[in-house]
Amino acid sequence: MSDQDSNEFKDDIESLFNPEDFNSFKLDAEFTNESTGIQIGNGERIFGLHSKKIEKDKNKFIIEIPEFDEESLHISLPEKSGAVGHKILVYIKLDTGKQIIEAELKCIVKEVRKDENERETLVVEILDHENQNWKYLLKTYAERQTQIIKFLKEAKGW
């Protein structure tokens with residue numbers, strides 16, 4: 001196979017497989033601990049509801065939600081952000097590329113798990129899981145995950 005043939009073959013493959021086809025939707029979150037007043041979002045941590053003390057670090061003050069279902073969230077964030085029994089608000093934004101779906105959830109911390117690198121995971125119960133925006137966000141996210149799995153199965157011939 002010549003270099004030209006090889007490049008044409010590569011171009012054909014790239015036109016068939018777009019890496020974006022395998023991406024899930026972008027999920028962003030902001031966090032407010034109503035028990036302590038700590039707020040985290042957009043690379044910042046603010047201490048107290050009326051405080052002017054703000055720490056900024058785009059790499060440190062990020063929130064990840066690696067697991068979630070209709071009634072609970074696992075929230076990974078900087079340590080000392082919450083404790084069992086704390087009431088929190090979690091604002092979640094799902095960007096599908098075509099629309100933005102937002103949900104604000106009232107939660108209570110049920111468990112705190114210490115992680116590496118000065119982080120912790122809060123396992124929280126969603127108190128208002130009947131929230132219609134949350135249900136729509138979950139449905140939309142699940143549909144995208146199903147599309148990705150179906151595509152992968154078809155590509156592998158399962």
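Numbering of the sequence shown is given in the working numbering, commencing with residue 1 and proceeding in unit increments.
A virtual CB, placed ideally from N, CA and C, is assigned to each residue, including glycine.
Using the C-alpha atoms, what's the distance from residue j back to residue i?
i, j, result
"Ile-149", "Pro-66", "18 Å"
"Gly-41", "Glu-120", "16 Å"
"Glu-79", "Glu-118", "5 Å"
"Asn-59", "Gly-43", "7 Å"
"Phe-68", "Tyr-91", "14 Å"
"Glu-70", "Gln-39", "24 Å"
"Leu-122", "Glu-64", "11 Å"
"Lys-93", "Leu-27", "6 Å"
"Lys-98", "Asn-133", "16 Å"
"Gln-145", "Ile-126", "22 Å"
"Glu-154", "Thr-96", "23 Å"
Could you pull out every residue in the same chain whose Cβ sits closer than 6 Å to the Cβ of residue i, ignoring the five residues on either side in sequence?
i, result
"Arg-45", "Glu-55, Phe-61"
Using a Cβ-Cβ cutoff of less than 7 Å, which residues in the same chain neighbour residue i once the five nearest sequence positions on both sides are dropped?
i, result
"Gln-147", "none"
"Val-124", "Ser-72, Leu-73, Ile-75, Ile-88, Cys-107, Ile-108, Val-109, Lys-110"
"Asn-131", "Ala-103, Leu-105"
"Tyr-136", "Ile-101"
"Asp-128", "Leu-105, Lys-106"
So is residue i buried or exposed if we call it buried at 16+ other beta carbons inside 10 Å?
i, result
"Asn-33", "buried"
"Ile-100", "exposed"
"Ala-29", "buried"
Enumerate in chain order the residues of its own chain whose CB-to-CB distance from residue i is below 8 Å, with the five nearest sequence positions on each side excluded.
i, result
"Thr-36", "Gly-48, Gly-82, His-86"
Is there contact here, the segment 104–117 with the segment 135–144, by at least three beta-carbon pairs under 8 Å?
Verdict: no, contact absent.
What are the start and end residues of each continuous beta strand (DSSP E) run of 3 or more residues lying completely inside the segment 67–111, in chain order?
Look at the segment 67–111 and you find these whole runs of beta strand (DSSP E), each 3 residues long or longer: 72–78, 87–95.
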